[in-house]
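In full-length UniProt numbering, the protein residues as written are 1 to 206.
Now the structure itself:
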């Protein structure tokens, strides 16, 4: 089974503030607001060629708080917008779920407008390895990335830092073995960094 990076997640306390910050950094414009009623969140997307997205996501102030934790640990998010998660797409979510760490979460179904998907969501809102392990997704419709204008964004490298780099590397092996642009490094603190190619040069987001 093949796996590919589907999108990178930028968390924010306020969606428009988060989008303004990323638009200024990368000199792009995000698409319209999309809402996730089940999670009490809202997001905007930009294409990240060749077939992925950059997503800014935040709690939806107009939505009731969900019964469980919001995804990407948004219930505990604070501070400026930052790169907090990544999502890997597959064509057999059950098989991917079996290969993932035991605490990766449960499979839930979602729909937003014309888009339908299933995704593995942790009950705590926190993905394995301090959110350095990816969320897993299976699309049951067309993918948003193919509906967005190409603004010149290209994912050059994804760097994942963690104190347990060896264990993380082993857990990720089934998912990133064919992804030449993913690197896992030893560090005192967990963190995600991505090098994005833009019209004005290469920019790292953290």
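Where a beta carbon is used, it is the ideal one built from N, C-alpha and C, also for glycine.
Within a Cβ cutoff of 7 Å, which residues of the same chain sit near residue i, ignoring the five residues on either side of it in sequence?
i          : result
residue 31 : 44, 45, 46 and 148
residue 68 : 123
Quick one: residues in its chain with C-beta nearer than 6 Å to the C-beta of residue i, no 5 flanking neighbours on either side, listed in chain order?
i           : result
residue 118 : 93, 107, 109 and 138
residue 145 : 47, 51, 52 and 53
residue 15  : 42 and 58
residue 55  : 7, 9, 43 and 45
residue 162 : 129, 132, 168 and 190
residue 182 : 158 and 176
residue 154 : 49 and 197
In the DSSP assignment, find the unbroken alpha helix (DSSP H) run with residue i in it and report its ends.
i           : result
residue 17  : 15–26
residue 173 : 165–176
residue 95  : 93–99
residue 66  : Run containing residue 66: none; DSSP gives neither H nor E here.
residue 128 : 128–131
Straight-line CA distance for residue i to residue j?
i           : j           : result
residue 13  : residue 6   : 23 Å
residue 206 : residue 141 : 30 Å
residue 81  : residue 48  : 18 Å
residue 87  : residue 26  : 20 Å
residue 201 : residue 2   : 30 Å
residue 84  : residue 112 : 22 Å
residue 38  : residue 77  : 18 Å
residue 34  : residue 143 : 14 Å
residue 100 : residue 166 : 15 Å
residue 62  : residue 204 : 32 Å
residue 114 : residue 24  : 29 Å
residue 151 : residue 75  : 31 Å
residue 70  : residue 199 : 34 Å
residue 194 : residue 65  : 31 Å
residue 95  : residue 4   : 15 Å
residue 28  : residue 188 : 33 Å
residue 160 : residue 40  : 28 Å
residue 164 : residue 186 : 7 Å
residue 72  : residue 125 : 6 Å
residue 178 : residue 134 : 15 Å
Name the one or two DSSP bridge partners that residue i has.
i           : result
residue 59  : 41
residue 53  : 7 and 47
residue 118 : 109 and 138
residue 152 : Paired residues: none, contrary to the question.
residue 85  : 9
residue 161 : 185 and 191
Taking the continuous beta strand (DSSP E) assigned at residue i, which residues delimit it?
i           : result
residue 204 : 201–205
residue 34  : 34–36
residue 193 : 191–198
residue 183 : 182–186
Under 8 Å Cβ to Cβ from residue i, same chain only, skipping five residues before and after it: list those, please.
i          : result
residue 21 : 12, 80 and 81
residue 97 : 104, 107, 120 and 136
Answer with yes or no whether the minimum CB distance from residue i to chain B is below 8 Å.
i           : result
residue 202 : Structure shown: chain B not included; a single protein chain is present.
Touching by the beta-carbon criterion (3+ pairs, under 8 Å), the segment 113–127 and the segment 165–178: As far as the Cβ criterion goes, the segment 113–127 does not touch the segment 165–178, which means the pair count is below three.
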